[in-house]
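Below is one structure, written out as structure tokens, with a few remarks after it.
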Amino acid sequence: MAKIGFIGLGNMGGPMAANLIKAGHALKVFDLSEAAVSKAVAEGATKASTVADAAKDVEFVVTVLPAGKHVLSVYDGPDGVIANARAGTLLIDSSTIEVDAARKAADLAKAKGLGSVDAPISGGVAGATAGTLTFMVGGDDGDFDRAKPVLEGMGSNIIHAGTSGAGQAAKICNNMVLGVSMIAVSEAFMLAKRLGLDAQKLFDISSKASGQCWSLTSYCPVPGPVPTSPANRDYQPGFAVDMMLKDLKLAQQAAASAGATTPMGALAESLYALYSNSGNGGMDFSAIVKMLDGDK
Ligand code: NAD
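Each residue of the sequence shown is one higher than the one before, counting from 7 in this note's numbering.
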């Protein structure tokens, strides 16, 4: 059992904290939302009154925050995690943020004698609730080994991607594939529709042929073939358009700073921005198929 400070109890962080409590860890929790804190306290956590309070006298601090600016502001400054954690505390950031921000966070932690890993997640709210998340971890071997037992309380696949920032790099590369493949699968279904090919027939064939991919077989963007996919519940998320857009933007920023050529990723970002700007940011990302169908 470890003493863990936990900051960020939103859609992902809330159930992740609940699973750490169930695994027997002692949690001190902080969030700007009083309601989120009260829920975690009802599940067995102790309330921290500030970020600094959550970071004091613990062995680990887990953060699950919206974006890089939130992580750096919670880490840095006299009231932040780094100034208030005792030497040797290990910081685990499971937010999806810029690779550069993750590296900056790691440098700030190291300068104060703290360990750190970037450990972004895949698996959505369902995976966070079931404790079956995939963690992509960036950090040195010793920090990875220390983080692993804590991460095992929240996930079933814990993969060491490399040094600081490598977890975030893996996350944005993976989600760029996901965004591009969802658009490609959606285009195929809309082409099939206009060619008079039944959606179920395309699914049955492509899921056994070379077009097979997760966007088709696990998250099919048209209703019917995969009963659990958001297409069968009016495209309620799931994983929202604005979340996908955020990750595609991170991929483009990273590509620009690393000099990588990612034209399909850039196009996917533009298409998701267009769909979000027409008021669909809260829809599941597979709803992009409706835009390709002329919003039918
Ligand atoms: P969310 O908006 O539901 O939760 C964020 C929480 O952080 C909120 O409760 C908010 O009050 C809190 N917060 C913000 N600033 C804070 C601060 N300064 N101090 C304390 N608390 C603060 O977001 P989410 O869906 O839980 O996502 C969290 C992260 O996980 C994001 O980086 C997201 O990209 C990533 N992610 C989300 C999903 C998903 O399906 N939702 C999947 C994979 C990864």
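For every residue, glycine included, the Cβ atom is placed at its ideal position computed from N, Cα and C.
Have a look at the options and flag the residue whose alpha-carbon is nearest the alpha-carbon of residue i.
i    : options                   : result
M289 : T69, T138 and S235        : S235
G11  : Q242, F195, A91 and L78   : A91
A246 : K199, A261, V131 and G161 : V131
F36  : A51, N25, L26 and K28     : A51
A23  : R152, D106, T102 and E158 : E158
G185 : S122, D59, K28 and I294   : I294
D133 : A272, G244 and V183       : Sequence check: residue 133 is Gly here, not Asp. G133 has its Cα closest to that of G244, out of A272, G244 and V183.
I164 : G271, D82 and G129        : G129
K28  : E40, G16, V47 and G287    : V47
S100 : A172, G94, K53 and A32    : A172
T268 : I211, V183, A89 and S212  : V183
K62  : D253, D151 and L97        : L97
K177 : T102, S192, L222 and G148 : T102
F195 : S212, D248, N180 and C179 : S212
I127 : N180, P155, G148 and A115 : N180
K154 : F66, C219 and A73         : F66
S292 : N238, M270, G271 and S276 : N238
K72  : G19, D151 and L197        : According to the sequence displayed, residue 72 carries Pro and not Lys. That would be G19, whose Cα lies nearest to the Cα of P72.
T169 : G119, R109, L139 and V156 : R109
A190 : M270, S263 and A262       : M270
A262 : D149, E104 and L280       : E104
T95  : Y281, R152 and L15        : R152
D146 : A257, L15, G121 and L208  : G121
K9   : H31, L26, N25 and A58     : H31
Shorter than 7 Å, the distance from the beta carbon of residue i to the closest heavy atom of the ligand NAD, or not?
i    : result
L71  : yes
K252 : yes
I127 : yes
L97  : no
L298 : no
P16  : The question names Pro, but residue 16 in the sequence shown is Gly. Result yes, Cβ under 7 Å from the ligand NAD.
A183 : In the sequence under discussion, the amino acid at residue 183 is Val, which differs from the Ala named in the question. V183 Cβ: outside cutoff for every heavy atom of the ligand NAD.
S39  : yes
H76  : yes
M249 : yes
G19  : yes
F245 : yes
I10  : no
I165 : no
A111 : no
V295 : no
V68  : no
V105 : no
S101 : yes
I13  : yes
Between which two residues does the beta strand (DSSP E) containing residue i stretch?
i    : result
N163 : G161 to G168
A303 : The structure shown has nothing for residue 303, since the chain only spans 7 to 302.
Where do the N-terminal and C-terminal ends of the alpha helix (DSSP H) with residue i fall, by residue?
i    : result
K207 : A205 to S212
M188 : A172 to L201
T267 : First-last for T267: undefined, no H or E at that position.
F245 : F245 -> no alpha helix (DSSP H), and no H or E assigned at all.
I10  : Segment K9 to I13 is the beta strand (DSSP E) holding I10; no alpha helix (DSSP H) there.
T223 : W220 to T223
V47  : E40 to A48
D59  : V57 to A61
P21  : G19 to K28
M297 : I294 to L298
State the CB to CB distance for the pair residue i and residue j, rounded to an integer number of angstroms; the pair is presumed to be in contact (CB under 8 Å).
i    : j    : result
V64  : K34  : 6 Å
V77  : A107 : 7 Å
D124 : Q174 : 5 Å
V232 : A205 : V232 to A205, Cβ: 11 Å. No contact.
S187 : C226 : Contact flag wrong, Cβ pair sits at about 12 Å.
G144 : A115 : So it is not a contact: roughly 12 Å between Cβ atoms.
V87  : V80  : 6 Å
Determine, using beta carbons only, whether residue i comes closer than 8 Å to chain D.
i    : result
D299 : Any reference to chain D falls outside this structure, which holds one protein chain only.
### Task
Could you tell me which uninterrupted beta strand (DSSP E) segments, each at least 3 residues in length, are contained entirely in the region 64-151, listed from first to last along the chain?
66-69, 96-99, 121-124 and 139-144
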